[in-house]
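Below is one structure, written out as structure tokens; comments come after it.
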Amino acid sequence: MPKVVDAEQRRREVFDAVFTVVVEHGVHGASLRRVAETAGLAIGSVRHYFDSAEQMLTEAAAEVIARVTTRLEAHRAELDAETDRGVVAERMIAELLPWDAVSTRETTVWLEFALAARTAPAYRATAELLHAGVRELARRIVENRVPPERTAVEAERLACLIDGLGFAGTLHPGSLPPGLARDVVRRHLDSLGA
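Mapped onto my numbering, the consecutive letters of the sequence shown carry residue numbers 209 to 402.
Given below as structure tokens:
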């Protein structure tokens with residue numbers, strides 16, 4: 209009797225294997241074969257879902273965006289309702305920075321795709337979505353905290369801070385521990401005022 213496989217569960221397993229491979233070997237090291245080995249699957253099982261490594265990687269990048277977006281949307285309602293917007297803003301920013309195992313992995317994958325997009329056109333749309341998403345989050349956080357004429361500059365300043373902390377925390381985790389990064393974020397949010 210053939211084994212019944214939950215297709216969505218299997219895709220999640222493959223995506224998790226893609227993330228592991230991308231963290232360890234970069235985007236360019238993520239072949240179908242290496243991902244299959246990491247997932248403990250036959251390469252044919254991976255090919256069943258993805259025709260090429262490029263398709264697999266593009267869809268994996270979209271999966272990272274979807275996972276982070278889902279968590280951010282849960283915080284978004286809090287941002288509108290919570291009296292302490294700074295606390296909620298910090299929680300939202302934490303979703304994008306390497307402060308725990310999940311966010312470290314996702315930030316590393318995000319950074320690897322952003323870097324790969326520089327020379328691989330197939331990943332540019334994904335990298336642009338990531339870039340735009342950080343800026344949209346920053347805009348949501350700063351709106352109603354600063355005068356309207358300062359919103360664009362302050363949103364970009366916060367987005368650049370998020371980008372920089374993500375980059376430094378991923379590439380140099382020993383020099384930017386999560387506690388210090390949190391303090392930097394808090395200080396920045398405090399500088400925006402209420």
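No residue lacks a Cβ here, since even glycine has one placed at the ideal position from N, Cα and C.
- The beta carbon of Phe-223 sits closer than 7 angstroms to those of Ala-268, Glu-271, all from its chain and outside the five residues before and after it, given in chain order.
- Using a 10 angstroms sphere on the CB of Val-317, the tally of other CB atoms reaches 16 or more, which defines it as buried.
- Pro-386 sits in a helix when the DSSP states are folded into three classes.
- Check the Cα spacing between Ala-325 and each of Val-361, His-380, Leu-265, Glu-344: the tightest is with Leu-265.
- When C-alpha distances from Val-342 are compared across Ile-370, Glu-221, Arg-293, Glu-262, the shortest belongs to Ile-370.
- The alpha-carbon of Glu-221 is positioned some 38 angstroms away from that of His-396.
- Residue state for Glu-314 is assigned as helix, using DSSP reduced to three classes.
- For Tyr-331, there is no enclosing alpha helix (DSSP H), as DSSP marks it with neither H nor E.
- Proximity of the region 372-381 to the region 306-317 meets the contact definition, three or more beta-carbon pairs being nearer than 8 angstroms.
- His-396 carries a helical assignment under DSSP once its states are collapsed to helix, strand and coil.
- A residue is called buried once 16 or more other Cβ atoms fall within 10 Å of its Cβ, and Ala-282, having fewer, is exposed.
- Between the C-alpha atoms of Arg-242 and Ala-302 there is a straight-line separation of about 30 angstroms.
- Glu-362 counts as buried, since at least 16 other C-beta atoms from the protein chains shown sit within 10 angstroms of its C-beta.
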